[in-house]
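First the structure, in the form of structure tokens, and then the observations on it.
There are 2 protein chains.
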Amino acid sequence: MRKGDETRERILEIAEMSVLAKGFAATWIEEIIAEAGITKSGFFYHFKDKNELAHIMLKRYVCANDRVFDDVIERGHQLSDDPLQAFLISLKLLAEVMSDLPNGHPGCLIACICYQERQFDREVLNLTARSVEAWNARFRAILDNIALEHPPRDPIDFDDVADMLSCVVDGSIIMSKALNDPSRIERQVMAFRSFIKLLFSSTPQIRVPMPNSTGARERSTDRARAYASTVLIKNSRPSGSTCVRRSW
Amino acid sequence: MRKGDETRERILEIAEMSVLAKGFAATWIEEIIAEAGITKSGFFYHFKDKNELAHIMLKRYVCANDRVFDDVIERGHQLSDDPLQAFLISLKLLAEVMSDLPNGHPGCLIACICYQERQFDREVLNLTARSVEAWNARFRAILDNIALEHPPRDPIDFDDVADMLSCVVDGSIIMSKALNDPSRIERQVMAFRSFIKLLFSSTPQIRVPMPNSTGARERSTDRARAYASTVLIKNSRPSGSTCVRRSW
DNA sequence: CCGAAACCGTACCGGCGGTACAGTATACCG
DNA sequence: CGGTATACTGTACCGCCGGTACGGTTTCGG
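Chains as they are written, first to last, in the working numbering: chain A, 1 to 248; chain B, 249 to 496.
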């Protein structure tokens, strides 16, 4: 029963990469099985049809994402007792994780499915909706916690601020794909972090602006990245579940 | 030559809606021609193949988006001489336009293409990249203009702030599709507006927060919407070009 | 040694993309 | 009035891929 799971996992990984790069309809089963080194019969032994493949693929993706959030948020809380500081740390860690991928971020399966929604059944679409809601609620709870100690500087609805993180990440993944520049994701998460900082910081920190900095974008986070990666990996789950791979 | 253009436009509109709802590969030509009331020969008379359809569709989309931005930014400048206020007005108008669609926002073609990139040729992908870059540069220029009169309260790179608008819009479109809630787009653009306000406002406006507002989201913009729509439409192009339909 | 799990091989159908090409209706233009 | 370009229609066909069916084979644990 172990060898079957391994093949299954290999199929899912190949299929997900293909779906994120070409779309669901354009992902041919024949291509998947060629890359996985199995036959068509082998494929249909594991998945009764393409729709079941999509369903299991999505579940796997959501699971992986949840674990990444668990890790990042947990590490934030370990490194600071202040809820604001903890969240800011978590966001930095998230930014690192998101851009710590060799060939750029492959894409968000939820977004991918949303742009091909008429190809999927209700079950799949409901799972995407419930996943997004769960993540939003999670961020919302964090913001509520922060507000108990740090009054916000703008009467904005926290639901919208919570939603914004998902939006920024999904949007930046698209931009990173469109411009072939993986660093956009990290930069956007950090921009959202600035928003959180501005929203909750009590001391107005008016620093020296950079009015005409048109020039090249510079990587300012190399040291921080090395640090954060160490911190994050240190406490991540031992191994076993291949579920923790990336987020979004 | 006029009747041909009309048919062509009808095909493009149907195809775009289908692509945004099902993806490119799953958009069958037979379905398009059935809905357009023509034959397969008629389709291939206008477009030599599916790839050419994609290319022209994308050009049309980018053109429509540019016009929406032109309108919104122009109206902002007409309504205030202060660059910050003008941009805040433009953002509010943009929020209105984005959510002023009967069946929710159909989706962003750029994002849709990015999630099916391996289906398209270099020409199409280059056009998406150049479009995104142009929009980012446009927002960046606006921010530079604002900073001349309003020093920012955080040393964040303006390129990232400019990128953020595109990211928030694209991300919120996905969320609106995933949750079947068109209002998310408007709310997210307004959240970005709050960020801009916080970033550039000189007088720290610490208002009464709403610490535990867990309850239902309320529509606070009905009056403003009616106003903004009027303002926007008033100065929009007379007609002719069916290009101005929606943004993103 | 038996039986379940995990495949392989082959054959086949149907749907869709795309090509080819001949024919037709309409409008404008000289 | 005739001709020519535009804007299609109609039919026929190929090839590829998704999906089904079903029988055979290997591997491995008990």
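C-beta: ideal position from N, C-alpha, C; glycine also.
Please classify residue i as buried or exposed, where buried requires at least 16 other C-beta atoms within 10 Å of its C-beta.
| i | result |
| --- | --- |
| residue 288 of chain B | exposed |
| residue 496 of chain B | buried |
| residue 403 of chain B | exposed |
| residue 12 of chain A | buried |
| residue 290 of chain B | exposed |
| residue 395 of chain B | buried |
| residue 63 of chain A | exposed |
| residue 16 of chain A | buried |
| residue 300 of chain B | exposed |
| residue 96 of chain A | buried |
| residue 71 of chain A | buried |
| residue 37 of chain A | exposed |
| residue 61 of chain A | buried |
| residue 439 of chain B | buried |
| residue 342 of chain B | buried |
| residue 103 of chain A | exposed |
| residue 120 of chain A | buried |
| residue 374 of chain B | exposed |
| residue 34 of chain A | exposed |
| residue 3 of chain A | exposed |
| residue 460 of chain B | Note that residue 460 of chain B scores 45 on pLDDT, short of 50, meaning its location in the model is unreliable and no value can be drawn from it. |
| residue 101 of chain A | exposed |
Look at the Cβ atom of residue i, then the Cβ atom of residue j, and state whether they are nearer than 8 Å.
| i | j | result |
| --- | --- | --- |
| residue 7 of chain A | residue 18 of chain A | no |
| residue 437 of chain B | residue 409 of chain B | no |
| residue 138 of chain A | residue 69 of chain A | yes |
| residue 384 of chain B | residue 411 of chain B | yes |
| residue 401 of chain B | residue 357 of chain B | no |
| residue 546 of chain B | residue 115 of chain A | This structure cannot speak to residue 546 of chain B, because chain B is shown only from 249 to 496. |
| residue 58 of chain A | residue 113 of chain A | yes |
| residue 269 of chain B | residue 118 of chain A | yes |
| residue 32 of chain A | residue 14 of chain A | yes |
| residue 99 of chain A | residue 73 of chain A | no |
| residue 176 of chain A | residue 105 of chain A | yes |
| residue 426 of chain B | residue 128 of chain A | yes |
| residue 150 of chain A | residue 84 of chain A | yes |
| residue 92 of chain A | residue 10 of chain A | no |
| residue 50 of chain A | residue 29 of chain A | yes |
| residue 433 of chain B | residue 444 of chain B | no |
| residue 388 of chain B | residue 407 of chain B | yes |
| residue 334 of chain B | residue 25 of chain A | no |
Is residue i near the ligand NAD, with its Cβ less than 7 Å from a heavy atom?
| i | result |
| --- | --- |
| residue 116 of chain A | Among the components modelled here there is no ligand, and therefore nothing to report on the ligand NAD. |
task: Below 7 Å between beta carbons is the criterion; list the residues of the stretch 88–122 of chain A that meet it against any residue of chain B, in chain order.
output: 107, 110, 111, 112, 114, 115, 116, 117, 118 and 119
- prompt: Of the residues that make up the stretch 310–324 of chain B, which ones have a beta carbon closer than 7 Å to any beta carbon in chain A?
  reply: none
field: Uninterrupted beta strand (DSSP E) stretches inside the stretch 278–306 of chain B (no shorter than 3 residues)
entry: none
query: Which residues, in order along the stretch 170–188 of chain A, keep a beta-carbon less than 8 Å from a beta-carbon of chain B?
result: 170, 171, 172, 174, 175, 177, 178, 179, 180, 184, 187 and 188
query: Where in the stretch 90–126 of chain A do unbroken runs of the alpha helix (DSSP H), each at least 4 residues long, occur, reported from the N-terminal end onward?
result: 109–114
Residues, ordered as in the chain, of the stretch 151–170 of chain A that lie near chain B by beta-carbon distance below 8 Å: 151, 152, 153, 154, 155, 156, 157, 158, 159, 160, 161, 163, 164, 166, 167, 168, 169 and 170
query: Which residues, taken in chain order from the stretch 266–295 of chain B, show a beta carbon closer than 8 Å to some beta carbon of chain A?
result: 268, 269, 270, 271, 272, 273 and 274
query: In chain order, what residues of the stretch 125–147 of chain A put their CB closer than 9 Å to some CB of chain B?
result: 125, 128, 129, 131, 132, 133, 136, 140, 144 and 147
message: List, from N- to C-terminal side, the alpha helix (DSSP H) runs of 4 residues or more that fit wholly inside the stretch 396–432 of chain B.
response: 406–426
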